[in-house]
Structures are given as structure tokens and as C-alpha cells.
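Below is one structure, written out as C-alpha cells; the observations come after it.
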Amino acid sequence: MNTNERPALVIMAAGMGSRFGGMKQLTPVGPSGEFIIDYSIHDALTAGFSRIVFIIKRENEALFREKIGDRVARRADVSYVYQDTAILPEGVPASLGEQREKPWGTGHAVMCCREAVKEPFVVINADDYYGSRCFRLLYDFLTGPHPADGRFHLAMAGFVLKNTLTENGSVSRGVCSLDEEGYLTDIVERTRIEKRPDGAAFTEDGGETWTSLSPECTVSMNCWAFPAGTLPRFEALFRDFLKEPGKDLKRAEFYLPYVVDRLVAGGEADVRVLSTPDCWYGMTYREDQEKVVSAIRAMVDEGQYPVSLWG
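In terms of numbering that gives the first Met the number 0, the sequence shown opens at residue 0 and continues consecutively.
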């Protein structure tokens with residue numbers, strides 16, 4: 000890898016947390032008022048990342064800089080990218096963006112970085128705690144050697160489903176299939192998975208029919224590693240997505256797993272799944288906050304994190 004291409008960490012922080020009931024990215028969970036995003040940034044900087052790119056809503060910029068960005072900028076190179084429904088591939092009518100009430104989705108959020116990110120990068124959600132292992136694994140993957148075979152070599156932090164569920168409602172996860180060598184063969188976004196006494200189950204029809212899932216299955220938490228040069232393909236795939244027949248363009252979302260699945264299915268990429276035993280913590284619902292605070296406190300007490308990350 001070229002020394003000028005140290006990987007960047009791209010953080011998707013444009014969501015306002017509608018189910019949680021507020022801007023959950025700015026909800027304190029640490030003993031010194033830290034947010035979940037602070038722990039991800041700390042773990043990433045420890046792993047070797049030195050550039051942080053925040054994807055935000057333009058109207059949240061001043062608050063986001065004050066609460067998070069300015070203090071991170073004292074330790075790392077910080078950039079901002081705005082997710083806006085008006086950002087569309089060249090040639091796509093602007094009226095499509097004007098019809099949207101919600102953002103276009105996680106794949107679109109990352110596509111918005113196409114001018115700002117030229118180096119390899121890892122992308123994560125702002126409101127998920129991933130644990131330190133995945134940042135080390137993904138940084139080492141991006142900085143390591145790869146075959147010069149003309150394909151994009153991607154990686155994903157693979158979490159165990161049972162380590163990513165909440166007792167307080169449903170979650171959305173990318174359910175993964177792997178080959179014998181640990182490469183991703185298929186990923187399907189399940190937008191309503193619930194914890195059950197005997198494991199987990201998902202529904203796609205509003206709760207009329209539930210299908211069991213193995214609690215040991217591998218899932219994606221939107222923690223991906225992409226090599227340099229991948230972002231132009233995001234734009235092309237988004238254009239294809241918009242042209243799919245029968246799609247409700249007022250509601251359909253362009254998910255990151257969709258992008259990865261299309262790249263793999265087309266033979267353009269392979270995806271190494273780097274398994275991590277760490278537990279996910281997040282605040283999908285307000286009732287999750289107490290559990291996250293307790294988990295962070297325990298890790299601080301064990302010496303995994305200092306009492307004050309930025310002190």
C-alpha cells in the first residue's frame with residue numbers, strides 16, 4: 000500500500016434516531032459524558048487510522064462540530080460530508096430527490112463521499128459500539144497485501160447475531176452466507192429481527208409470518224472495509240438501482256449490503272469476513288441506554304478504556 004493511502008474512517012452520522020426519540024449520537028454513555036461515537040473513534044485511532052470523515056446533515060453541522068468534531072480534530076484530520084436527497088448520479092432528474100422525505104439509505108450516504116474520500120476506508124454507523132477488535136482487523140486488512148487480479152478486495156466485520164440483539168424491539172441486520180474459506184457469498188438485509196427465548200426470528204410481512212434464524216449466524220453491522228477506487232461503482236450501482244422496474248422511489252432505500260451484493264454477484268469484488276466475538280451495543284430504543292452505560296462502565300473498570308477518553 001502507498002504510504003499516502005492510510006485508510007480513513009467514514010462515520011455515517013446523518014440519522015436522527017427516530018425510534019430512539021432524539022439525536023442518539025449525542026446521548027452520553029461514558030463516565031465523563033462520552034458518546035458511543037467517541038469509543039469508536041478512540042478504537043480506530045488506536046488501530047492506526049488518522050483521518051475521520053463524518054457524514055452528517057448540513058443542518059446539524061454546528062451542533063455536531065461543537066459536541067464531537069472539534070475535539071476529534073485535535074487528534075486527527077477531520078472532514079465533513081453532507082448527505083442530501085438532492086445528491087444524485089449525473090443525468091438523473093432532480094425531481095427524484097425532491098420526492099423523498101427520508102434519506103436514500105446507507106449506500107447513498109457513502110456515495111456522497113465520492114469527492115472527499117480517495118483512499119481506502121472503513122465505514123461504520125455513528126450510533127453502534129463495535130468493540131476494538133474489528134478496527135484492528137479491518138485496518139490490517141486494508142494495509143496488507145492483496146492479489147493484483149483486477150478485483151476489489153473488501154472486508155466485513157462479521158458479528159454473531161446473538162451478540163447484536165436488543166430485548167426492547169426489532170433490529171435491522173444483514174444476514175450473511177459464507178463459503179468454506181470465510182468469504183461472503185450472499186447478504187440479505189432483514190429489516191425486522193427480534194430476539195426470542197430460543198434464538199431469533201425475522202418477518203417481512205408486518206409480523207404475520209416469522210422465520211427462525213440461528214443465533215450463531217453471521218451478520219453485518221455496517222462495518223465494512225473498501226479499497227481505494229470503489230466509490231465510483233457506488234454511483235453507478237445507485238443509478239442502476241433507480242432504474243429497477245416497479246421500485247417505489249419515494250420509499251426504497253439503497254443499502255450498503257445491496258452495493259456489496261451487486262459487486263460480488265458481478266464478479267467485481269470478493270469480501271473477506273473477519274469474525275469478531277465482541278458484543279454490539281447500541282441505542283435503537285431509549286430503553287437500551289441503561290444497558291449501554293453499564294457495559295461501558297464495566298469496560299472502563301476493567302481498564303479497557305480510560306475514565307476520560309479526551310481528558
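By construction, the Cβ of each residue, glycine as well, lies at the ideal position given by its N, Cα and C atoms. The model shown is predicted, which means the values in this text are computed figures rather than measured ones.
Does DSSP put residue i in a helix, in a strand, or in coil?
| i | result |
| --- | --- |
| S31 | coil |
| V259 | helix |
| L183 | strand |
| I36 | helix |
| H152 | strand |
| V306 | coil |
| V77 | strand |
| F53 | strand |
| R18 | Residue confidence for R18 is low, a pLDDT of 47 falling below 50, so the modelled location carries little weight and cannot support an answer. |
| Y138 | helix |
| L321 | What is shown of the chain runs 0 to 310, which leaves residue 321 out entirely. |
| L62 | helix |
| R113 | coil |
| K194 | strand |
The beta strand (DSSP E) spanning residue i covers which residue range?
| i | result |
| --- | --- |
| M220 | 217-225 |
| S176 | 170-177 |
Buried or exposed for residue i, please, with buried defined as at least 16 other CB atoms from any protein chain shown within 10 angstroms of its CB.
| i | result |
| --- | --- |
| D69 | exposed |
| D42 | buried |
| A264 | exposed |
| E33 | buried |
| R73 | exposed |
| D126 | buried |
| P102 | buried |
| D287 | buried |
Spatial neighbours of residue i within its chain, please: CB distance less than 6 angstroms, with the 5 preceding and 5 following residues excluded, ordered by chain position.
| i | result |
| --- | --- |
| M298 | Y304 |
| G198 | P214 |
| S307 | S31 |
| R57 | Y81 |
| E118 | E4, A7, A227 |
Might you give, ordered along the chain, the residues of its own chain that have their beta carbon closer than 7 angstroms to the beta carbon of residue i, omitting 5 neighbours on each side?
| i | result |
| --- | --- |
| I40 | I51, V71 |
| T184 | S176, L177, D178 |
| L95 | L87, L241, L248 |
Can you tell me where the alpha helix (DSSP H) with residue i in it begins and where it stops?
| i | result |
| --- | --- |
| H107 | 105-110 |
| I295 | 288-300 |
| S94 | 94-97 |
| F237 | 230-242 |
Going by beta carbon distance, what residues of the same chain come within less than 8 angstroms of residue i, once the five residues before and after it are set aside?
| i | result |
| --- | --- |
| D76 | S49, R50, I51 |
| A200 | I192, E193, W209, T210, S211, L212 |
| K249 | Q98, R99, E100 |
Take residue i as the anchor and find which of the options has the nearest alpha-carbon.
| i | options | result |
| --- | --- | --- |
| P196 | C175, E203, R189, K161 | K161 |
| G149 | V291, D269, V122, F240 | D269 |
| Y128 | L164, L141, M110 | L164 |
| E234 | I86, L136, F134, A224 | I86 |
| G157 | F140, C133, S169, N59 | C133 |
| Y254 | A294, T142, C222 | C222 |
| A12 | H107, A93, T45, G47 | H107 |
| A294 | V9, G14, L25, Y38 | Y38 |
| Y79 | G90, A154, E60 | E60 |
| W309 | F151, V9, L44 | L44 |
| G168 | E89, T283, G14, V91 | T283 |
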